[in-house]
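The structure under discussion appears below in the form of structure tokens.
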Amino acid sequence: MKFFVDTAEIDAIAELNDLGMVDGVTTNPSLILKSGRDIIEVTKEICALVDGPVSAEVVATDADTMLEEGKKLAGLAENIAVKVPLTWAGLKTCKALSDQGTMVNVTLCFSANQALLAAKAGATFISPFIGRLDDLNLDGLDLIADIRTIYDNYGFDTNILAASIRSANHMSECAKIGADVATAPPKVIHAMANHVLTDKGLDQFVKDAKEAGIKIV
Ligand code: E4P
Numbered sequence: 081m082k083f084f085v086d087t088a089e090i091d092a093i094a095e096l097n098d099l100g101m102v103d104g105v106t107t108n109p110s111l112i113l114k115s116g117r118d119i120i121e122v123t124k125e126i127c128a129l130v131d132g133p134v135s136a137e138v139v140a141t142d143a144d145t146m147l148e149e150g151k152k153l154a155g156l157a158e159n160i161a162v163k164v165p166l167t168w169a170g171l172k173t174c175k176a177l178s179d180q181g182t183m184v185n186v187t188l189c190f191s192a193n194q195a196l197l198a199a200k201a202g203a204t205f206i207s208p209f210i211g212r213l214d215d216l217n218l219d220g221l222d223l224i225a226d227i228r229t230i231y232d233n234y235g236f237d238t239n240i241l242a243a244s245i246r247s248a249n250h251m252s253e254c255a256k257i258g259a260d261v262a263t264a265p266p267k268v269i270h271a272m273a274n275h276v277l278t279d280k281g282l283d284q285f286v287k288d289a290k291e292a293g294i295k296i297v
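Count along the sequence shown from 1, then add 80; that gives the number in our numbering.
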């Protein structure tokens, strides 16, 4: 499973990128707001830092303006994936951009039917939102599994990009289901390294090493 980082914070992306943990980046208007940066400037910076796809989201809601915005974003760098919402206008924009060879990430997906439409419209990525479904007491992981089944049944090559990830458990469950990509905030990727037994075992080893007077360097 590929890891995308769900942030527009350059330092956090750079740290994970240096460790080989970054196969791409996703942003959205809320993440741009949080970064306090200009969308064009920060997107260019992220694209220069990371080799993989960098999703940058349109803000218009009508197809004509979305297409214009999408073309501008796609012109920023070779590795841009234009992010469009899963509305009828977004699907139209997806088809037009993907026909021109631009990568498209269709976002705000909450149902298997929506994912089916995005694949038909030529999406490179479909972004089902796990956490926001869980917030409503629905099962976001079930949606990932349903989309996996449907895409495999018909050989769609749209990548399932599990989004709205809130926990390390979401990451391992997505990997088990077979999501192509998961996009997670930096803190979730860091949390994947944690285990209470690792901490406990290390405390004991450190204690015993001191007692044994072990010195290696
Ligand atoms: C990424 O592409 C999505 O915009 C993001 O994962 C949404 O996450 P949230 O539901 O935590 O805002």
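Where is the CB? At the ideal position from N, CA and C, for every residue including glycine. Computed from a predicted model, the values in this text were never measured in an experiment.
(message) Quick check on this structure: which residue in N249, L171, L282 and P265 has the alpha carbon closest to the alpha carbon of K114?
(response) Ranking the options by Cα distance to K114, first place goes to P265.
(request) Taking only runs that begin and end inside the region 89-137, name each unbroken beta strand (DSSP E) of 3 or more residues, in chain order. (result) You should have 104-106 and 134-137.
(message) Short of 6 angstroms in beta carbon distance, which residues of its chain neighbour A176, apart from the five on each side in sequence? Order them along the chain.
(response) Result list for A176: L147, in chain order.
(request) Please indicate yes or no: does the CB of D86 lie closer than 7 angstroms to some heavy atom of the ligand E4P? (result) Of the heavy atoms belonging to the ligand E4P, at least one sits nearer than 7 angstroms to the Cβ of D86.
(request) Classify V85 as helix, strand or coil using the three-state DSSP reduction. (result) Note: V85 maps to strand in three-state DSSP.
(message) With distance defined between alpha-carbon atoms, name the residue in C189, L129 and V186 nearest to V102.
(response) The candidate whose alpha carbon is nearest that of V102 is L129.
(message) Can you tell me whether P265 is helix, strand or coil according to DSSP?
(response) Reduced to three states, the DSSP call for P265 is coil.
(message) Whole angstroms are fine: how far does the CA of F285 sit from the CA of I294?
(response) I294 and F285: Cα-Cα distance of roughly 11 angstroms.
(request) Mind checking who F209 pairs with in its DSSP beta bridge? (result) The beta-bridge partner set that DSSP reports for F209 consists of A243.
(message) Whole angstroms are fine: how far does the CA of S110 sit from the CA of G116?
(response) If you draw a straight line from the Cα of G116 to the Cα of S110, it is about 10 angstroms long.
(request) Report the three-state DSSP secondary structure of L216 (helix, strand or coil). (result) Reduced to three states, the DSSP call for L216 is coil.
(message) Within the continuous alpha helix (DSSP H) that includes L188, where are the two ends?
(response) L188 -> not in any alpha helix (DSSP H); beta strand (DSSP E) instead, spanning M183 to C189.
(request) Report yes or no: do the region 162-171 and the region 138-147 share at least 3 C-beta pairs separated by less than 8 angstroms? (result) As far as the Cβ criterion goes, the region 162-171 touches the region 138-147, which means the pair count is three or higher.
(request) Starting from the Cα of F54, find the closest Cα among D219, C189, A225 and A203 and give me that residue. (result) Nothing can be reported for residue 54, as the shown portion of the chain is limited to 81 through 297.
(request) Excluding the 5 residues preceding and the 5 following A198 in the sequence, name in chain order all residues of the same chain whose CB lies nearer than 8 angstroms to its CB. (result) Sequence-distant Cβ neighbours of A198 in its own chain, meaning closer than 8 angstroms and more than five residues away, are L166, L171, C174, V186, C189, I206 and T238.
(message) Give me the residue from R246, A242, I269 and V268 with the minimum Cα distance to K256.
(response) Per the Cα distances, A242.
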